[in-house]
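Asks: Residue numbering for the sequence shown follows the working numbering, beginning at 111 and increasing consecutively.
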Amino acid sequence: MFKHCFNVVMWVLITCFPATAVSANLNNTPNETLQDPTAPLGYQRKVSAQKSLVLQAVYLSASRSEAIINGQAVREGSVVDGATVIKVRDKSVVYSRNGQTGVISLRPNIVKHSR
Numbered sequence: 111m112f113k114h115c116f117n118v119v120m121w122v123l124i125t126c127f128p129a130t131a132v133s134a135n136l137n138n139t140p141n142e143t144l145q146d147p148t149a150p151l152g153y154q155r156k157v158s159a160q161k162s163l164v165l166q167a168v169y170l171s172a173s174r175s176e177a178i179i180n181g182q183a184v185r186e187g188s189v190v191d192g193a194t195v196i197k198v199r200d201k202s203v204v205y206s207r208n209g210q211t212g213v214i215s216l217r218p219n220i221v222k223h224s225r
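Below you can see the structure in the form of structure tokens.
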């Protein structure tokens, strides 16, 4: 008897609560964001205007030069997160964003020398 009641209660919980959660979110507007309930009162999260660029890999050969920046494969002239790739170098990439030129480099422990 107990096992049957337990199974019925579990079935009701599993089937009813997800539907309630989904229907509760239908009234939210797309631009509305939920506040973190653990954040202190009056806390405002700082939003950076530009995403930082992370160079993850560089591939150089006689016929092509590519890099992986923020998980995207790029070549010279490609745009990633608002930055235009100017030059792919051996251990770095030169880019331009908002009229300013910058360089991102591989972390030293990532650099592997070919034999």
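We put the beta carbon where it would ideally sit given N, CA and C, even for glycine.
If I follow the unbroken beta strand (DSSP E) through residue 205, where does it start and stop?
Replies: Indexing the sequence shown from 1 puts residue 205 at position 95. Looking at the DSSP string, the run of the beta strand (DSSP E) that includes residue 205 is 202-207.
Asks: Short of 6 Å in beta carbon distance, which residues of its chain neighbour residue 175, apart from the five on each side in sequence? Order them along the chain.
Replies: One-based indexing of the sequence shown puts residue 175 at position 65. Correct list, in chain order: 198.
Asks: Buried or exposed: where does residue 216 fall if 16 or more other Cβ atoms within 10 Å of its Cβ makes it buried?
Replies: Indexing the sequence shown from 1 puts residue 216 at position 106. That one is buried.
Asks: Assuming residue 205 and residue 170 form a contact by the criterion Cβ under 8 Å, report the distance between their Cβ atoms to the nearest whole angstrom.
Replies: Position 95 of the sequence shown, counted from the start, is the residue given in the question as residue 205. Position 60 of the sequence shown, counted from the start, is the residue given in the question as residue 170. Not quite, the Cβ-Cβ distance comes to about 17 Å (not below 8 Å), so this is no contact.
Asks: Cα separation between residue 183 and residue 193?
Replies: Sequence index remark: in the sequence shown, residue 183 carries index 73 (1-based). Sequence index remark: in the sequence shown, residue 193 carries index 83 (1-based). Those two C-alpha atoms are separated by around 13 Å.
Asks: Who are the Cβ neighbours of residue 132 in its own chain at under 7 Å, not counting the five residues just before and after it?
Replies: Stepping through the sequence shown from its first residue, residue 132 is reached at position 22. For residue 132, the pLDDT reaches just 48, beneath the cut-off of 50, and the residue's location in the model is therefore unreliable, although a value from the coordinates is still provided. No residues qualify anywhere along the chain.
Asks: For residue 208, which of 219, 201, 190 has the nearest alpha-carbon?
Replies: For the purposes of this step, residue 208 is identified with residue 98 of the sequence shown, where counting begins at 1. The shortest C-alpha separation from residue 208 is found at 190.
Asks: Quick one: what does DSSP say residue 184 is sitting in, helix, strand or coil?
Replies: Position 74 of the sequence shown, counted from the first residue, corresponds to residue 184. In this structure, residue 184 counts as strand in the three-state DSSP scheme.
Asks: DSSP on residue 119, reduced to helix/strand/coil?
Replies: Residue 119 sits at position 9 when you count from the first residue of the sequence shown. Here residue 119 sits in helix by DSSP.
Asks: Going straight from the alpha carbon of residue 150 to that of residue 144, what length do you get?
Replies: Translated into positions along the sequence shown, residue 150 becomes position 40. Translated into positions along the sequence shown, residue 144 becomes position 34. For residue 150 and residue 144, the distance between alpha carbons rounds to 14 Å.
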